[in-house]
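Worksheet: the structure to be examined is printed underneath.
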Amino acid sequence: MKKLDSQSEYGFENPSSPLMNLPPRKTRPFEILRSGNTPAPENVWGGSHKEANSSVQSNGAGEPGSVAIADQDSKAIAQQTMAEALIQVLGEGKVSIEESVITEHSGDKWFANHPPDVVVFAESTEDVSKTLSYAHKNHIPVTTRGAGIGYVGGCVPVYGGIVLSTARMNKILDISPDDGVAVVQPGVVTGDLQKAVRAVGWDYPPDPASLKECSIGGNVATNAGGPRCLKYGVTRNYILGLEVVLADGRVMRCGGRIHKNKTGFDLIGLFVGSEGMLGIVTEITARIIPKPQCRGMLAAIFPDFPSAAKAVHAIFQAGHLPSALEITDAFTLEAARQKLGRDVFPPGDGHLIVEIDGRQAAVDSEIEELYELLLKCGANEILIAREEVECEAIWQMRREFSYSLRDTGLIKLNEDIVVPRGKLVQLVNFARVMEKETGIAVACFGHAGDGNIHTNLMVDNYDDPKTRARADAALDILFHWVLDNGGVITGEHGVGLAKKLWIRQALGETSFALHQSLKQVLDPNGILNPGKFLDD
Ligand SMILES: Cc1cc2nc3c(=O)[nH]c(=O)nc-3n(C[C@H](O)[C@H](O)[C@H](O)COP(=O)(O)OP(=O)(O)OC[C@H]3O[C@@H](n4cnc5c(N)ncnc54)[C@H](O)[C@@H]3O)c2cc1C
């Protein structure tokens, strides 16, 4: 694949740019930015803005001090130059090089960060198109950022350049029950979309746990999922149409307000989950569905994890399709008991939450059947929730699992692996063996119905290189086991930087090469989110 190179023309779009008044330069600014900011991979792991820049200072030979100052000056000029050029293209108020803004746009919720040179706050498709057209001509990296709530370093601008934020493109353009669609800009917060759709009696079901913060554009780019995806499907299943700005600035639309469409290839499927590497999504037409009349829940405690996992299979065998089915292991339960009090859960080392929804009479009778079934499967105790407020209390307890693990004082490396549903018990048994062999605690809980069990390695200090090496070795063992057992290394969060090491093996060489070919066609200059999983 073609790499970012330094052969591009340093082309201002507007020859009357005030930058033309800058003193003559020996080196073209974008070359400096690239040589200064192009990190050795290690530079991005957990380094702060200042730390990442320290590689710029140590680049000189001979007289380190003066070279460092010269490099810093050149970098500052180059940064200013790029910002001025973008202001020429976009107008005032949309471009920033303020240090606090740069720092804020350097990382997400994972352990890597690297500063961009410039942040662009796009306000329209036209802004995105102009930015990409400019970056394409000048071979400048562009990393799209939704809300920056990703778990895998996907929006980290590894090669500096431009971070394009969609935060200001946050309008809900239309909610149409007649057509069963909602049309939104990418920066809309997922939870806000859900609320707005529910306010008219309809529903947008994908429910990542981060929905109060993450953007719908980020969900599309990572094909986000959540507990209710068991019955309702992941983000991909709700995307009917996209407007995408291609790497060279051209604007393309695929799909629309129609619920069936077999015109050409499935380009929507290509862009959903493409992690900002194939184009920038600027408008989304999402499918909405009538909101189920009501829901009910059962929360059951089992003597051990295998009995809870067996109950999962029994539920399906009996013909039920719950809207959510969440399982929890002993480690996580113990952490929750320590945080919330020992009496929150009766004794038992496996926990299962079952949610069903639909018409009131159907939900009532299904709850009765499920109660009997869970008892037969060996549940120690079962809590039933029929009212909305009781259901919410159970979900709140489920959300506390993450915080309980955090309160152990350990750092949670959240791995969203997926295994065939029949292998849930093997997975958790394997996690226990791995725990013994590596000395790293493992907490398992998650979406049992999808086989998507968050297998969290709990480490004391991931910034410590020795601990990190041990944790990465354990992850390597886990991912190999998952792949050998027909699973995948990510079901929800994406590959980003976090799983880049394992992607070739996960995809296989032929599929990896095809991914690279598609990238080459859509982004020949390699400017979109470079440094992520398609780089060699
Ligand atoms: C506490 C917590 C809980 C979470 N729970 C879940 C969960 O249940 N399910 C789940 O799936 N994920 C979950 N996540 C992960 C995360 O929330 C999702 O990956 C979410 O989709 C990220 O959205 P974002 O707007 O923050 O995207 P960002 O982090 O900003 O970006 C993510 C990726 O998408 C690309 N991108 C963003 N916007 C666009 C666009 N408009 N066009 C093209 N590319 C774009 C970026 O370049 C990057 O590669 C969780 C994260 C946290 C912190």
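Going by my numbering, the letters in the sequence shown line up with residues 9 to 544, in that order. Don't be surprised by glycine CBs; every beta carbon is placed ideally from N, CA and C. Keep in mind the model is a prediction, meaning the values are calculated, not measured.
Handout entry: Proximity to Lys378 [Cα-Cα], best of Gly154, Ala294, Ala307 and Val128
Key = Translated into the one-based positions of the sequence shown, residue 378 becomes position 370. It should be pointed out that residue 378 corresponds to Leu in this sequence rather than to Lys. The residue with the shortest Cα to Cα distance from Leu378 is Ala307.
Practice task
Go through its chain and collect everything with a Cβ distance to Leu391's Cβ below 6 Å, but skip five positions before and after it.
Solution key: Numbered from its first residue, the sequence shown carries residue 391 at position 383. Cβ neighbours of Leu391 beyond the five flanking positions: Ala307.
Problem - Where Asp492 falls: helix, strand or coil (DSSP) - result: Start at 1 with the first residue of the sequence shown, and residue 492 comes out as number 484. Note: Asp492 maps to helix in three-state DSSP.
Problem - One or two residues paired with Lys420 in a DSSP bridge - result: The count along the sequence shown starts at 1 and reaches residue 420 at position 412. Paired residue(s): Met466.
Practice task
Could you tell me the distance, in whole angstroms, from the CA atom of Glu443 to the CA atom of Phe453?
Solution key: Numbered from its first residue, the sequence shown carries residue 443 at position 435. Numbered from its first residue, the sequence shown carries residue 453 at position 445. Going by the C-alpha atoms only, they are around 15 Å apart.
Practice task
Sort out for me which residues DSSP pairs Gly454 with in a bridge.
Solution key: The residue given as residue 454 occupies position 446 in the sequence shown. DSSP output for Gly454 lists Ile335 and Ile461 as bridge partner(s).
Problem - Gln193 classed as buried or exposed, judged by whether at least 16 other C-beta atoms fall within 10 angstroms - result: Taking the sequence shown and counting its residues from 1, the one referred to as residue 193 is at position 185. Classification of Gln193: buried, given that the 10 Å Cβ count is 16 or more.
Exercise for the section: Give a single yes or no on whether Ile288 has its beta carbon closer than 7 Å to a heavy atom of ligand 1. Expected result: Reading the sequence shown from its first residue, position 280 is the one you call residue 288. It does: the Cβ of Ile288 is within 7 Å (strictly closer) of some heavy atom of ligand 1.
Exercise for the section: Identify, in the order they occur along the chain, each residue of the same chain with its Cβ nearer than 6 Å to the Cβ of Thr198, setting aside the five sequence neighbours on each side. Expected result: On the sequence shown, residue 198 is found 190 positions in, with the first residue counted as 1. Excluding positions up to five away in sequence, the list reads Leu219, Cys222, Ile224 and Asn227.
Exercise for the section: Check Val150 in the structure and name its three-state DSSP category. Expected result: Taking the sequence shown and counting its residues from 1, the one referred to as residue 150 is at position 142. It is a strand residue.
Problem - Close-in-space but distant-in-sequence residues of the same chain around Ser25 (CB under 8 Å, 5 per side omitted) - result: In the sequence shown, residue 25 corresponds to position 17, counting from 1. For Ser25, the predicted model reports a pLDDT of 29, less than 50, meaning its position is unreliable; a value from the coordinates is still stated below. Excluding sequence neighbours, Ser25 sits near Glu92, Ala93 and Gln96.
Practice task
Verify whether the separation of the beta carbon atoms of Gly241 and Thr293 is less than 8 Å.
Solution key: Start at 1 with the first residue of the sequence shown, and residue 241 comes out as number 233. Start at 1 with the first residue of the sequence shown, and residue 293 comes out as number 285. With contacts defined by Cβ atoms closer than 8 Å, Gly241 and Thr293 do not form a contacting pair.
Practice task
Determine the extent of the beta strand (DSSP E) in which Phe310 is found, giving its start and end residues.
Solution key: For this step, residue 310 is matched to residue 302 along the sequence shown. Start and end: Cys302 to Phe310.
Problem - His501: CB within 7 Å of a non-hydrogen atom of ligand 1 - result: Taking the first residue of the sequence shown as position 1, residue 501 is located at position 493. True, at least one ligand heavy atom lies under 7 Å from that Cβ.
Problem - Contacts around Glu423, its chain only, beta-carbon distance under 6 Å, and the 5 residues preceding and following it disregarded - result: Mapped onto the sequence shown, residue 423 falls at position 415. The answer, listed in chain order, is Thr463.
Exercise for the section: Examine ligand 1 and report whether any of its heavy atoms sits within less than 7 Å of the Cβ of Gly284. Expected result: The count along the sequence shown starts at 1 and reaches residue 284 at position 276. A heavy atom of ligand 1 is found nearer than 7 Å to the CB of Gly284.
Practice task
Decide if Val450 is buried, meaning its Cβ has at least 16 other Cβ atoms within 10 Å, or exposed.
Solution key: Position 442 of the sequence shown holds residue 450. With 16 or more other Cβ atoms within 10 Å, it is buried.
Practice task
With 8 Å as the threshold, decide whether the Cβ of Ile425 is near any Cβ in chain B.
Solution key: The structure shown has no chain B; it contains just one protein chain.
Exercise for the section: Starting from Cys237, follow the alpha helix (DSSP H) in both directions and report where the run begins and ends. Expected result: Taking the first residue of the sequence shown as position 1, residue 237 is located at position 229. First-last of the alpha helix (DSSP H) with Cys237: Cys237 to Tyr240.
Problem - Beta-carbon proximity list for Glu131, same chain, < 8 Å, skipping 5 on both sides - result: Here residue 131 corresponds to residue number 123 of the sequence shown, with the count starting at 1. Listed in chain order, the non-local C-beta contacts of Glu131 below 8 Å within the same chain comprise Lys102, Arg176 and Met177, local neighbours out to five positions each way being set aside.
Practice task
Confirm, please, whether the CB-CB distance from Lys527 to Leu509 is below 8 Å.
Solution key: For the purposes of this step, residue 509 is taken as residue 501 along the sequence shown, with counting starting at 1. For the purposes of this step, residue 527 is taken as residue 519 along the sequence shown, with counting starting at 1. 8 Å or more divides the Cβ of Leu509 from the Cβ of Lys527.
Problem - heavy atom of ligand 1 below 7 Å from Gly263 C-beta - result: Within the sequence shown, the letter at position 255 stands for residue 263. Relative to the non-hydrogen atoms of ligand 1, the Cβ of Gly263 never comes closer than 7 Å to any of them.
Handout entry: Which of helix, strand or coil DSSP assigns to Glu283
Key = Residue numbering aside, residue 283 sits at position 275 when the sequence shown is read from its first letter. Glu283 falls in the coil class under three-state DSSP.
Handout entry: Close Cβ partners of Gln5 (< 8 Å) along its chain, the five nearest in sequence each way excluded
Key = Past the boundaries of the shown model lies residue 5; the chain is included only from 9 to 544, so the question cannot be answered.
Practice task
Measure the Cβ-Cβ separation of Val352 and Ala343 and say whether it is below 8 Å.
Solution key: Position 344 of the sequence shown, counted from the start, is the residue given in the question as residue 352. Position 335 of the sequence shown, counted from the start, is the residue given in the question as residue 343. Cβ distance not < 8 Å, so Val352 and Ala343 don't count as in contact.
Exercise for the section: Please classify Asn545: does DSSP put it in a helix, a strand, or coil? Expected result: Outside the displayed span of the chain (9 to 544) sits residue 545, for which this structure offers no information.
Exercise for the section: Ignore the nearest five residues each way along the sequence and tell me which others in Cys302's own chain have a CB closer than 8 Å to its CB. Expected result: Position 294 of the sequence shown, counted from the start, is the residue given in the question as residue 302. Answer for Cys302: Asp365, Gly366, Arg367, Gln368, Val371 and Glu396, listed in chain order.
Exercise for the section: State the DSSP-derived secondary structure class of Ile535, mapped to helix, strand or coil. Expected result: If you number the sequence shown from 1, residue 535 lands on position 527. The answer is coil: DSSP assigns Ile535 none of H, G, I, E or B.
Practice task
Please state if the CB of Leu536 and the CB of Ala255 are separated by a distance shorter than 8 Å.
Solution key: As a working mapping, residue 255 is identified with position 247 in the sequence shown. As a working mapping, residue 536 is identified with position 528 in the sequence shown. By the CB criterion at 8 Å, Ala255 and Leu536 fall inside the cutoff.
Exercise for the section: State the start and end residues of the unbroken beta strand (DSSP E) segment that holds Val126. Expected result: Stepping through the sequence shown from its first residue, residue 126 is reached at position 118. Val126 to Phe129 is the span of the beta strand (DSSP E), which, as asked, contains Val126.
Practice task
Report the rounded CA-to-CA distance for Ala319 versus Asp186, giving the unit in angstroms.
Solution key: As a working mapping, residue 319 is identified with position 311 in the sequence shown. As a working mapping, residue 186 is identified with position 178 in the sequence shown. Ala319 and Asp186 have their C-alpha atoms spaced approximately 40 Å apart.
Exercise for the section: Identify every residue that forms a DSSP beta bridge with Arg295. Expected result: Translated into positions along the sequence shown, residue 295 becomes position 287. Per DSSP, Val189.
Practice task
List the DSSP bridge partners of Val208.
Solution key: The residue you call residue 208 lines up with position 200 of the sequence shown. Residue pairing by DSSP leaves Val208 without any beta bridge partner.
Exercise for the section: Compute the distance between the beta-carbons of Ile105 and Pro123, then report whether it is under 8 Å. Expected result: For the purposes of this step, residue 105 is identified with residue 97 of the sequence shown, where counting begins at 1. For the purposes of this step, residue 123 is identified with residue 115 of the sequence shown, where counting begins at 1. Not closer than 8 Å, so no.
Exercise for the section: Can you give me the start and stop residues for the beta strand (DSSP E) that His359 sits inside? Expected result: What you label residue 359 is simply residue 351 of the sequence shown in a count that begins at 1. Bounds of the beta strand (DSSP E) holding His359 are Gly358 to Gly366.
Exercise for the section: Evaluate Lys431 with the Cβ neighbour count: other Cβ atoms within 10 Å of its Cβ, from every protein chain shown; 16 or more gives buried, anything less gives exposed. Expected result: Along the sequence shown, read from residue 1 onward, the residue named residue 431 stands at position 423. In this structure Lys431 is buried. Its beta-carbon is surrounded by 16 or more other beta-carbon atoms within 10 angstroms.
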